[in-house]
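Per UniProt numbering, residue 1 is the first one in the sequence shown, and the count goes up by one each step.
All C-beta atoms in this analysis are idealised placements derived from N, C-alpha and C, irrespective of residue type, glycine included.
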Amino acid sequence: MSTALSAPPAYYSVTNPDDPVAVLSRDVIRKDYELWSTLTHHLDPEQDSDVLAASLTRSTGMAKNFIQNNLMAILTLDELPRLRALQEELWHLDLHRLRAIDSALAPADRDHLPEVDEQLTDYLTATRPNQLVPGARAIQNKIRAILAELDDTIDTDDEPSQLPGESYAMTFNADGTADLTARFNAVDAVEIDLRVRALAEAEGLTLAQAHAALVRGADGVRVHLNAYRASDVEDAPAFIHRVGWVDKATTDTLVERACHTRDMDAAAGITTDSYTTPDVLRIHIEGRDGTCRWPGCTRPATVCQMDHRINHTDGGPTTASNLVSLCQRHHNLKTARHAFYHLDPTTGDIIWLFADGTWVYDEAEGPLSRTSRLWVQTLHQRREERHHDARSRAQHRKRMKDQANDTPEEDSPPPF
1 MSTALSAPPA
11 YYSVTNPDDP
21 VAVLSRDVIR
31 KDYELWSTLT
41 HHLDPEQDSD
51 VLAASLTRST
61 GMAKNFIQNN
71 LMAILTLDEL
81 PRLRALQEEL
91 WHLDLHRLRA
101 IDSALAPADR
111 DHLPEVDEQL
121 TDYLTATRPN
131 QLVPGARAIQ
141 NKIRAILAEL
151 DDTIDTDDEP
161 SQLPGESYAM
171 TFNADGTADL
181 TARFNAVDAV
191 EIDLRVRALA
201 EAEGLTLAQA
211 HAALVRGADG
221 VRVHLNAYRA
231 SDVEDAPAFI
241 HRVGWVDKAT
251 TDTLVERACH
261 TRDMDAAAGI
271 TTDSYTTPDV
281 LRIHIEGRDG
291 TCRWPGCTRP
301 ATVCQMDHRI
311 NHTDGGPTTA
321 SNLVSLCQRH
331 HNLKTARHAF
341 YHLDPTTGDI
351 IWLFADGTWV
361 YDEAEGPLSR
371 TSRLWVQTLH
381 QRREERHHDA
391 RSRAQHRKRM
401 KDQANDTPEE
411 DSPPPF
């Protein structure tokens, strides 16, 4: 006799009914949401925004910008009915995340919101038991990737709209120092930062000293700006650490600039007896993980250490199925046995086990993760379906026009 096993229910750790802190937190999220939803839906559309903010500041003690951002977050959620229904069922998204959604959707064509709603709701639906809910930054990156797919006429870089795309300024301080600030597009900024950090490490300089040395003409610095892109999906978008998914124009530019191509699938199979992780294997793991894998940590994987799940001294191999990105602080906590984890060698997902007996499920979120690979594949499928539908509609319109042009006028004599 055999017994069928069913999969455990999927839920976010913030909705775990057996976690008393999660229950209290969820109640706070619900009440906070209900407050701002009530305020938003009872607004007087004729009332001046400053007068409204002053009134709510009197009642809540909150600042004008905070009030306005919360109201806008609720209004944007109203434009996403599927996500709003999920939120009002689970109460898993706090106002910080809702404000992040509103900010990322600011440049969106409102005609695209139904598709955004569908993809974003799927993204914010748990697929594993006790799963970590994505952070605000991860949600914004996901939205920008969706918008880049749907509309190549907008810039999805994370830049305030009231500031120029590029700027430079110097400000003198009273203590005799000065601050230099510059604004670039995100890709150029990451490349410059890599060069500064590489020179600082190579020459034993502070970051400020390394920056000055580069400006003064120091050379000999070679850095790698890794752009991850699927090779088996036509027109696949590229991903850059600390930037996220980039649009087609940026992807095409990166492809033109690429001086070397690495096979990340092949890198996944590398195994070595050495404690040091080979560069190409490290790039693969960074691409799988995206960030430090400690629950809730958002430090980029590119600045993390490679942790052997099974210690190297205990025979743990240096290979993808035994390596995880952990920032220095969380690497130390794991080494001190405050937590341990099980790593799924196929998906890269992690189950964290803590000393107090609690646990949490963490999905890998890098461009090489299971979820990202599936998203890129379905992105291609959606694009093909959209092109097919558009072509079918255009062909239908052409047939209708041709039929209209071929229809004889009422006063025309019969063709006999």
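Taking the CA atoms as reference points, E286 sits about 7 Å from G366.
The three-state secondary structure of V243, taken from DSSP, is coil.
In the pairwise beta carbon analysis, the region 321–329 is classified as touching the region 293–313: at least three pairs are separated by under 8 Å. About 14 Å separates the CB atoms of Y11 and P134; that is not less than 8 Å, and the two are not in contact. Contact holds between the region 349–366 and the region 112–131, because three or more Cβ pairs, one in each stretch, are under 8 Å apart. For M72, the enclosing alpha helix (DSSP H) begins and ends at K64 to D78. Among the bridge pairs identified by DSSP, R262 is matched with none. When the alpha-carbon of S167 is set against those of H338, L150, D152 and N185, the nearest one is in N185.
Look at T291 here: in three-state DSSP terms it is strand. Annotation for A106: no beta strand (DSSP E) segment contains it, and DSSP assigns it neither H nor E. With a minimum length of 4 residues, the unbroken runs of alpha helix (DSSP H) contained wholly in the region 324–381 fall at 328–335. Taking 8 Å as the cut-off, the Cβ atoms of D193 and L95 do not count as close. Sorting T291, T206, D265 and A198 by C-alpha distance to the C-alpha of I240 places T291 at the top.
Take A145, set aside five residues on each side of it, and the residues of its chain with a beta-carbon closer than 6 Å to its own are W245, in chain order. With distances taken between CA atoms, V116 lies nearest to R82 out of R197, V196 and R82. Under DSSP, D307 forms a beta bridge with V324. Cβ neighbours of V190 within its own chain (closer than 8 Å, five residues either side excluded): L225, I240, H241, R242 and V243. If you look at S274, you'll find it isn't in any alpha helix (DSSP H); DSSP assigns it neither H nor E. The C-beta distance from D151 to D109 rounds to 6 Å, short enough to fall under 8 Å.
Beta-bridge pairing by DSSP links M400 to no other residue. Taking the C-beta atoms as reference points, L281 is found nearer than 8 Å to A320.
A straight-line Cα-Cα distance of about 18 Å links R26 and T38. Taking the CA atoms as reference points, A208 sits about 29 Å from P278. DSSP lists no bridge partner for T250. Assigned with DSSP and collapsed to three states, A182 falls in strand.
Classified as exposed, A258 has fewer than 16 neighbouring CB atoms from the shown chains inside 10 Å of its CB. According to the DSSP assignment, Y228 belongs to the beta strand (DSSP E) that extends over A227 to R229. The straight-line gap separating the alpha-carbon atoms of L343 and H331 is approximately 15 Å. Measuring C-alpha to C-alpha distances from W352 to each of S274, K64, M62 and G296 identifies G296 as the nearest. Listed as beta-bridge partners of P237 by DSSP are no residues whatsoever.
A distance of 8 Å or more separates the beta carbons of L75 and L98.
With 16 or more other CB atoms across the displayed protein chains lying within 10 angstroms of its CB, L368 is buried.
Assignment of T318 by DSSP, reduced to helix, strand and coil, places it in the strand class. By the 16-neighbour rule on beta-carbons within 10 angstroms, M264 is buried. Ranked by Cα distance from L35, the first of S274, A266, A73 and V14 is A73. Residue pairing from DSSP leaves S37 without any beta-bridge partner.
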